[in-house]
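Inspection log for the structure reproduced underneath, given as structure tokens.
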Ligand code: HEA
Ligand code: HEA
Ligand code: CUA
Ligand SMILES: [Cu+2]
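Residue numbers (our numbering), protein chains in the order written: chain A, 1 to 254; chain B, 1001 to 1262; chain C, 2001 to 2523.
Structure representation (structure tokens):
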């Protein structure tokens, strides 16, 4: 019976050690420091305290992520692919609620675009779409190669994806600065508010995606490839790609 | 098989009674001649409230009695060391879903239909009414009468005439809550909302209190509604209106003068 | 005891206990805030503070902490963590490190919430944080935003973790219809969290963006709309009440089945009718919090019907719970006493939601103490009692020791009396027109004696809670050793030793063809 076995095991393991990891703790308090930094800067107008607290928070978080990945990478938390599915559900809801706010405001607005808007570019977003779709294909190719055991091929295509991702970010940054130059800032009117929030949120997801890729690339260069991790990262990237179609169609071309 | 047949029959019965409950409660008065007497939402509210309270009290008491009886009846006694709940047959298991569902739904729809009816009373304002616009702000209720007369935190109204408030706010959310008239609605910047009530007894005062958290002095944001007899109200309104006209024309003259000079 | 192995632990049981300690501390603090409010309200005019903002900060922290840092973490943090892997026969959760991250983020959220009492210009936006007030107050709205965001994120990663765990890590033979009701309930709650917390996160982020970065989401002078926030907020916060309700009902099912030594009445009805029904309806009723907010009429009527329909799945779950008593063999140890209490008190709380669901009645009742009474009955009474019942019930499992039965029962009866005095009176004065969130009520002098009665009652109920918590602390330190299965339960978590070792079982358990967690008769 399970019962007696458990007892026996208990005696054996009376002093057995319990798994620990310091990194979740480190990251959490790094996040606390970031939250405080925001308050210092925006609420209490204490720039020095804000910088100090950022200076504590960011290294804590980076150290935490580095420690975590090196501790866990290759140990195959093999269920991460399925988990990413659930996580994407949550992420999708963030976008959905922002889009809902957008639709609500736009459909209730007396005139659209509201006063103060400038025409949004049409060409750049088309190019960005092409780039992002291409990056989805390259990462797919990378995974295929990894699946058949071609590690160096995997790294090559992964690098291509990363480069495409940075191109995307660069164009996005170019476009933002262009618009801001024309006087279209986050505070201009509702349209600008929504434009910068939605594209900004999407952009931050691109950043996170790239960070995940790089976190996987570094160990991979040292020969430590985790296929589960690679597939999970790829899934996230496809999601970011799909969201972009909504951003383009709703924000730029509608 | 026989069980299943019974089940279907029971379900059908439930469905029919549900729709009857709904139809029975739904307003059948639409379009019937004679101008209807004004329905006072506050009176109707008390009526529906009593009905719903009786309804949920019955449900609550039935459930509580059953629970208490089961707790008592099946307490541990010698010779009764484990539970012996019978295993439900498939038909019984389904019946225990379908029948309660319809019984509960029937009650829900009955309440919904009555609630809807009262809702129409609250939202359809009688045509013969006094219309007042209200602007709320931290922390006062500012009323404006049709003739431009303005008052703060005190609204004088004639007895017997429906009063409609069109509300907006200049800062945060506020809420014009009149407990005696069983009505409240938010006012907010950027939108216009409305509510109406029927003051009846001349000489009475009714508390108005802010019911939307609006800041530090939220709980001190209060006013009153003073009900006057129609004659008193008219006298007051005309007098104040005349005063207002005097000052207004004086002001107009004052602003018009320089224009003339130039 | 190795303190490092506690703080940096990744073991689900220890993470769970960290959750329990944190959420109980939050409960104590928010409870003290409630006491301060009650004392303040015991007389007209200033009583212990002459600054309304102080009262508003108490109220803000009371509401936000009780919901976000006490009940949700206690239920989806402690109970889920401690019980789910044991109930499904897994040796841990899918991602132990993520689990540790989630508990420490929870602590960070609690720390942020507690800093409220120490920073200048603390947040005073109420737990709902409605703009425009939250974007123009001098209070620190950023703290509100970050508290919610961090606790929300902790909860999302917890949800991802547990859904993955239950889907992939069940013991051999553990089919979907053999899961404990508690596991099903918690799954439902986590699905709700995953879908709806992000919406809340967005909503509270947007108010800080509006306030500090100059965006215009809620600013009508620039094309924004204040109602956007209320819709987003309640789109989460209504489902949130079922995030509380589902797990606490799950706990009750475990307790009632064990103490009636009976199988759960109509298991499939409870799971597929009750839990699935609630999850399906939870997202389409939020406008019932906006009945007097100026929403379109058709939305108010539509959501009246959906809200009333929630009584169907909830009613099915209640039938399942009460039906489990039928032909049982019931004993009344402390956990069962609390659970029986809930069976009655939840009726009051749930049924008083019915008038609130009807917009034409809510037009008088909304934002009064009637609402406060309603939700204290369902959450503060039914929910807290269920949490206390659950802690008592699994106490021998997670501490290996026994609490004191006499003090347990005494604590129950004292709280039972106290809660009814307080929260029944609330509903009574609410119907008579007492608005909520009032620091003072000079325009309603007729309610002074009722408020004094409530203050008295709240002291009584507070004493009851303190007795319970002290009972646990003393029991955990020097209670008599409890056996591995003191209640004679049939469920899987009781088959290992108390407290369970790292890894839970020496060899992974598997369950037989005809095993169910409630198979008392077959034994
Ligand atoms: C655990 C928490 C919890 C739970 C389970 C519920 C359950 C319900 N609540 Fe409650 N509610 C809150 C927590 C909760 N609520 C909170 C916190 C607030 C206020 C937030 C704030 O503003 O700060 C609130 C506010 C609130 C409002 C808004 C009031 C207002 O601000 O104007 C409404 C309106 O519809 C409402 C309705 C309901 C209904 C219909 C249910 C139903 O789910 C109840 C269903 C249960 C039953 C009906 C009883 C059992 C069933 C039967 C016996 C079957 C037969 C019954 C019938 C056929 C009727 N609640
Ligand atoms: C789960 C949720 C929950 C719980 C448990 C409670 C519990 C209590 N609540 Fe609260 N309440 C809310 C959720 C909750 N509340 C919410 C959401 C609001 C609305 C906020 C808003 O408007 O924004 C609210 C608002 C609210 C108000 C309305 C104020 C107003 O509108 O102006 C009042 C007034 O009396 C009140 C009272 C109480 C009381 C007396 C208790 C008591 O039950 C508390 C008893 C507990 C204790 C006294 C603590 C006991 C101490 C220990 C366990 C520690 C022991 C430890 C050691 C000895 C080491 N609450
Ligand atoms: Cu105005 Cu509250
Ligand atoms: Cu709700």
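C-beta: ideal position from N, C-alpha, C; glycine also.
Per DSSP, which residues does residue i bridge with? Please list them.
| i | result |
| --- | --- |
| residue 1215 of chain B | Looking at the DSSP assignment, residue 1215 of chain B forms no beta bridge with any residue, so it has no partner. |
| residue 2153 of chain C | In the DSSP output, where bridge partners are listed per residue, residue 2153 of chain C has none listed. |
| residue 1196 of chain B | B:1164 |
| residue 20 of chain A | C:2009 |
| residue 2191 of chain C | Answer is none; residue 2191 of chain C lacks a bridge partner. |
| residue 1222 of chain B | B:1209 |
| residue 1150 of chain B | B:1144 |
| residue 2481 of chain C | C:2401 |
| residue 1156 of chain B | B:1226 |
| residue 1137 of chain B | B:1140 |
| residue 1169 of chain B | B:1136 |
| residue 155 of chain A | BP columns for residue 155 of chain A are empty, so no partner. |
By DSSP, does residue i sit in helix, in strand, or in coil?
| i | result |
| --- | --- |
| residue 1020 of chain B | Its pLDDT being 49, under 50, residue 1020 of chain B is placed unreliably in this model, and the coordinates cannot settle the point. |
| residue 250 of chain A | helix |
| residue 1174 of chain B | strand |
| residue 71 of chain A | helix |
| residue 200 of chain A | helix |
| residue 1075 of chain B | strand |
| residue 1132 of chain B | strand |
| residue 2368 of chain C | strand |
| residue 1038 of chain B | coil |
| residue 1089 of chain B | coil |
| residue 2264 of chain C | coil |
| residue 47 of chain A | helix |
| residue 1186 of chain B | strand |
| residue 2134 of chain C | helix |
| residue 2310 of chain C | coil |
| residue 186 of chain A | coil |
| residue 2330 of chain C | strand |
Taking C-beta pairs closer than 9 Å, name the residues in chain C that residue i reaches, listed in chain order.
| i | result |
| --- | --- |
| residue 82 of chain A | 2094, 2163, 2164, 2167 and 2168 |
| residue 1045 of chain B | 2360, 2361, 2363 and 2364 |
| residue 38 of chain A | 2142, 2145, 2146, 2208 and 2212 |
| residue 1081 of chain B | 2261 and 2329 |
Mind pulling the chain A residues with CB within less than 9 Å of residue i?
| i | result |
| --- | --- |
| residue 2214 of chain C | 185, 186, 187 and 193 |
| residue 2011 of chain C | 18, 19 and 20 |
| residue 2014 of chain C | 18 |
Mind pulling the chain A residues with CB within less than 7 Å of residue i?
| i | result |
| --- | --- |
| residue 2487 of chain C | Under the 7 Å cutoff, chain A gives no residues; its nearest Cβ is about 15 Å from residue 2487 of chain C. |
| residue 2217 of chain C | 101 and 193 |
| residue 2104 of chain C | 24, 25 and 28 |
Could you name the residues of chain C that residue i contacts, counting a contact when the two beta carbons are closer than 7 Å?
| i | result |
| --- | --- |
| residue 114 of chain A | 2223 |
| residue 1100 of chain B | 2315, 2316 and 2319 |
| residue 108 of chain A | 2225 |
| residue 127 of chain A | The contacting residues do not exist; residue 127 of chain A stays about 27 Å from chain C at best. |
Just the chain C side, please: which residues come within less than 8 Å of residue i by C-beta, in chain order?
| i | result |
| --- | --- |
| residue 1123 of chain B | 2297 |
| residue 94 of chain A | 2198, 2199, 2201 and 2202 |
Can you pull the chain B residues whose beta carbon is under 9 Å from the beta carbon of residue i, in chain order?
| i | result |
| --- | --- |
| residue 2172 of chain C | Per Cβ cutoff of 9 Å: no residues; residue 2172 of chain C is ~25 Å from chain B at best. |
Chain B partners of residue i, CB-CB under 7 Å?
| i | result |
| --- | --- |
| residue 2534 of chain C | Residue 2534 of chain C is absent from the structure shown; chain C starts at 2001 and stops at 2523. |
So which residues on chain A does residue i lean against when the C-beta distance must stay under 8 Å?
| i | result |
| --- | --- |
| residue 2156 of chain C | 87 and 90 |
Q. For the region 168-180 of chain A, which residues have a beta carbon sitting closer than 8 Å to at least one beta carbon of chain C?
A. Of all residues in the region 168-180 of chain A, none places a beta-carbon less than 8 Å from a beta-carbon of chain C.
Q.
What are the residues in the region 16-33 of chain A lying within 8 Å of chain C by C-beta distance?
A. Answer in chain order: 16, 17, 18, 19, 20, 21, 22, 23, 24, 25, 27, 28, 29, 31 and 32.
Q: Can you list the residues near ligand 3, meaning Cβ strictly closer than 6 Å to any non-hydrogen atom, in the order they appear in the chain?
A: Qualifying residues come out as B:1139, B:1174, B:1210, B:1212, B:1213, B:1214, B:1218 and B:1221.
Q) Around ligand 4, what residues have a beta-carbon under 6 Å from a heavy atom of it, in chain order? A) The answer, residue by residue, is C:2238, C:2241, C:2288 and C:2289.
Q: Scan the region 1170-1195 of chain B for residues whose Cβ lies nearer than 7 Å to a Cβ of chain C and list them as they occur along the chain.
A: Listed by position, the residues of the region 1170-1195 of chain B near chain C (Cβ gap below 7 Å) are 1171, 1172, 1173, 1175, 1177, 1179, 1182, 1183, 1184, 1185, 1186, 1188, 1189, 1190, 1191 and 1193.
**Q.** Contacting positions in the region 1062-1076 of chain B - beta carbon closer than 7 Å to chain C
**A.** From the region 1062-1076 of chain B, only 1063, 1064, 1066, 1067, 1070, 1071, 1074, 1075 and 1076 have a Cβ closer than 7 Å to chain C.
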